[in-house]
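>
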Amino acid sequence: MRTFWRTISYMRPYVAAVLFAYLCMLGIAGAGLAIPNQIGEVVDGGIMAGSRDALARGVLMVLGLSVLRAVLVFFQGYLTETVAQGIAYDQRNQLYEKLQRLSFSYYDQAETGQLLARATSDVEMLRRITGRGLLMLVNASITTLGTAVVLVLINPLLAAISLAAMPVLMLVVQRFAGEIRPLTLVAQNRLAMLTSRLEQNLRGLAVVRAFAQERAEIDRFEKENSTLHNDNVRVVTLRAVREPQMRVLADVSTVLLLWAGGYMVVGGGLTLGELVAFNAYLLNLVQPLRRFGWLTSMISSSLAAGERVYEILDLPEEVQDAPDAEPLPEVQGQVSFEDVTFGYLRSRPVIDGLAFDVPPGSVVALLGPTGSGKSTIINLLLRFYDPLQGRVLVDGQDIRQVTVESLRRQVGLVLQETMLFAGTIRENIAFGKSDATQEEIEAAARSAAAHGFISELPEGYDTMVGEKGVTLSGGQRQRIAIARAILKDPRILILDDATSSVDSETELVIQEALWRLLPGRTSFIIAQRVSTARRADMIILLDKGRLSDMGSHEELMARSGLYADIYHSQLLPERADRVGGAAWAS
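If you use this note's numbering, the sequence shown corresponds to residues 1 to 586, in order.
1. Taking just the CA atoms, how far does Leu562 sit from Gly353?
2. Nearest-angstrom Cα distance between Asp543 and Leu487?
3. So, under 8 Å CB-CB, Leu135 and Ala21 are touching, yes? Tell me the CB distance rounded to an integer number of Å.
4. Roughly how many angstroms separate the alpha carbons of Leu472 and Met25, rounded to a whole number?
5. Return helix, strand or coil for Arg118, following the three-state DSSP convention.
6. What do you get for Gly268, buried or exposed, if any count of 16 or more other CB atoms within 10 angstroms of its CB means buried?
7. Determine the direct distance from the alpha carbon of Ala16 to that of Leu63, and round the result to whole angstroms.
8. Among His229, Arg484, Leu185 and Leu145, which residue has its Cα nearest to the Cα of Thr424?
9. Can you tell me where the alpha helix (DSSP H) with Ser473 in it begins and where it stops?
10. Where in the stretch 294-364 do unbroken runs of the alpha helix (DSSP H), each at least 4 residues long, occur, reported from the N-terminal end onward?
11. Spatial neighbours of Ile378 within its chain, please: C-beta separation below 6 Å, excluding the five flanking residues on both sides.
12. Leaving out five residues before and five after Asp90 in sequence, what residues of the same chain have Cβ atoms less than 8 Å from its Cβ?
13. Thinking Leu95 and Val59 are a contact (beta carbons under 8 Å), I'd like their distance in whole angstroms, please.
14. Quick one: is Ala305 buried, meaning 16 or more other Cβ sit within 10 Å of its Cβ, or exposed?
15. Please work out which residues of its chain come closer than 8 Å, Cβ to Cβ, to Val67, disregarding the five sequence neighbours upstream and downstream, and give them in chain order.
16. Are the stretch 310-327 and the stretch 514-524 touching by the rule of at least three beta carbon pairs closer than 8 Å?
17. Should Glu41 be labelled buried (16 or more other beta-carbon atoms within 10 Å of its own) or exposed?
18. Of all the options Ala240, Leu115 and Tyr281, which has the alpha carbon lying nearest to the alpha carbon of Val149?
19. How far does the beta strand (DSSP E) with Tyr153 in it extend, from its first residue to its last?
20. Look at the alpha carbon of Ser362 and the alpha carbon of Ala117, and state the distance between them as a whole number of angstroms.
21. Return the CA-CA distance between Val465 and Gln476, expressed in angstroms with no decimal places.
22. For Gly581, I'd like the list of residues in its chain whose CB is within less than 6 Å of its CB, leaving aside the five on either flank, ordered along the chain.
23. Buried or exposed for Tyr622, going by 16 or more other Cβ atoms inside 10 Å?
24. Under the rule that 16 or more other beta-carbon atoms within 10 Å means buried, what is Asp231, buried or exposed?
25. Is Val18 buried or exposed, if buried means 16 or more other CB atoms sit within 10 Å of its CB?
26. So Arg2 is in the alpha helix (DSSP H); what residue range does that whole segment cover?
27. So, is Ala576 buried or exposed, given that buried needs 16 or more other C-beta atoms within 10 angstroms?
28. From the DSSP output, which residues share a beta bridge with Thr424?
29. I need the boundaries of the beta strand (DSSP E) containing Arg12, first residue and last residue.
30. Report yes if the C-beta distance between Ser226 and Leu163 is below 8 Å; otherwise report no.
31. Report all residues from its chain with a CB closer than 6 Å to the CB of His553; omit the five preceding and five following residues, and keep chain order.
32. DSSP has Met550 in a bridge; who is on the other side?
33. Give the straight-line distance between the Cα atoms of Glu318 and Val172, rounded to the nearest whole angstrom.
34. Distance, Cα to Cα, Tyr344 vs Lys374?
35. Is the beta carbon of Asp321 sitting closer than 8 Å to the one on Thr403?
36. Is Asp108 helix, strand or coil when you go by DSSP?
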């Protein structure tokens, strides 16, 4: 019921349309209650009495009520569906906004396919409650109650006989509602898992084919699809069993009416017109009762979908603005870590007691073995996560005391794994500065050594890059990502091994462009090569999540055994590559 009332609360902005729709519904119910009485008068006052005038008046009255009901049905259907679509629109926006705000710790465990299912199919299923579903349930309830009252007023004894099966029918409906909801919830969760499997497979299609795992993936999908099929069959089976039971119980009322009412007409205790009217009223009663099974199933499925949607909306946001957070003014670029400890799992710290201070405008290389905490430092600086202990400061301000948006607007990021969005090259470069002019976009592209290949494309900057930029090479995608960061003109720049996806010639061009841009900004470079790190003003050497040493290349070579080991282990292969390349060229 909590899910039900929460869903109903979304109707508040549309209260006028909802009230008018329900007034139309009351008019429809009223017309439905009036028509059988008019039919009875047509039979008794017109047909049986032989009065053509009474017959004509009665028929016109039935026609008028039918037309009125049709008009009201139109307005009711239009308004309820308009409101339902508006609520679905609001819920999708709210859900998407929530997904944008959720912390990265949630996405470390969540499956994309599950989220897609909740944002699309679950919201659509939930829409059925706020649309015709709830209105039909209310209409069925009012029609049932009103018709029962009218039947008692016409003939209490005949009403009691006709309605004898109704309590049993309501018990079956109640039991059906309790049985079908958990089954539909299981089926919807299974569908989300299948969607997740499909999404992962499509995303990793190249890997699947490269390892010749098509058959294995087909088998896995077939197994999960079979489980979903069995879950849906259980739902269908329950409906197939319960709905005929409800239909038979509803039809028992008609049988009892014909038996008892026929005896009364033959005995003179009831007129034929009253029997016809009574039967019409009973049909008014039976039809909504027959729909109760379908409505119960539909509403139960919708509420199960609602639970999945609200589960996302109710998730806590670990990283969010403090109540007294202020926008971060334009920064100079001083970055400090004060005894910072953090782990993606609390029991396993990735960095432990990390402390360092970076002066404004410095170029800092983060160097260390895999798993030493280089990327974690970047994640904490961007406030993708918050430290378990200690503080991260920018210009002396704890970044937890400033708004997240104002912090990230002053930080530029180029990841090792380039992410481009389906759209034009222009849109991707201007992603962080939507109001950029064409001249600014081209200048950023030139700085990233991207203008040349963009100009050679048939549509230039208006070229569509496809999902994740699949129509471009890895080096081209990386240069567009670098141009995107350059255009943003950040005070703090982060380069996560930003030239790893380009050839050696392009790498030299991009590196020279980047090194010209770095002065005046505080720059962090996650370096995999000592040749990159040695040009930095400061090298932070990490080992197992702790600060091993920091200083210039010369200082670390003089005093750090770990740095010397890394340097010499990379230097020999690089020399061998140069010698081999020269021999091959000759």
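Here a beta-carbon is modelled for each residue, glycine too, at the ideal position from N, C-alpha and C.
None of these values were measured; they are calculated from a predicted model.
Put simply:
1. Gly353 and Leu562 have their C-alpha atoms some 19 Å from each other.
2. Their backbone Cα atoms lie some 34 Å apart in a straight line.
3. 7 Å
4. Leu472 and Met25: Cα-Cα distance of roughly 57 Å.
5. Helix, per DSSP.
6. exposed
7. 30 Å
8. Taking only the C-alpha atoms, the option nearest Thr424 is Arg484.
9. Careful: Ser473 lies outside any alpha helix (DSSP H) and carries neither H nor E.
10. none
11. Ile494
12. Tyr10 and Pro13
13. That belief does not hold up - the Cβ atoms of Leu95 and Val59 are roughly 53 Å apart, past 8 Å.
14. Note on Ala305: 16 or more other CB atoms within 10 angstroms of its CB, so buried under the neighbour-count rule.
15. none
16. Pairwise C-beta distances place the stretch 310-327 out of contact with the stretch 514-524, as fewer than three of them are shorter than 8 Å.
17. buried
18. Tyr281
19. According to the sequence provided, residue 153 is Leu. The question's Tyr does not apply to it. No beta strand (DSSP E) holds Leu153; the alpha helix (DSSP H) holding it covers Leu134 to Ile154.
20. 46 Å
21. 11 Å
22. Reliability of the predicted coordinates at Gly581 is poor, the pLDDT of 36 falling under 50, and the value obtained from them is presented with this limitation in mind. Result list for Gly581: empty, nothing under 6 Å.
23. Because the chain here runs from 1 to 586, residue 622 falls outside it and cannot be looked at.
24. So Asp231 counts as buried.
25. Under this definition Val18 is a buried residue.
26. Where Arg2 is concerned, the enclosing alpha helix (DSSP H) stretches over Arg2 to Ser9.
27. Low local confidence applies: a pLDDT of 43 at Ala576 is under 50, so the model's placement there is unreliable, with the coordinate-based value given in what follows. Flag for Ala576 reads exposed.
28. Met464
29. Run containing Arg12: none; DSSP gives neither H nor E here.
30. In this structure, Leu163 does not lie closer than 8 Å to Ser226 by Cβ.
31. Arg534
32. Beta-bridge partners of Met550 (DSSP): Ile540.
33. 46 Å
34. 14 Å
35. yes
36. coil
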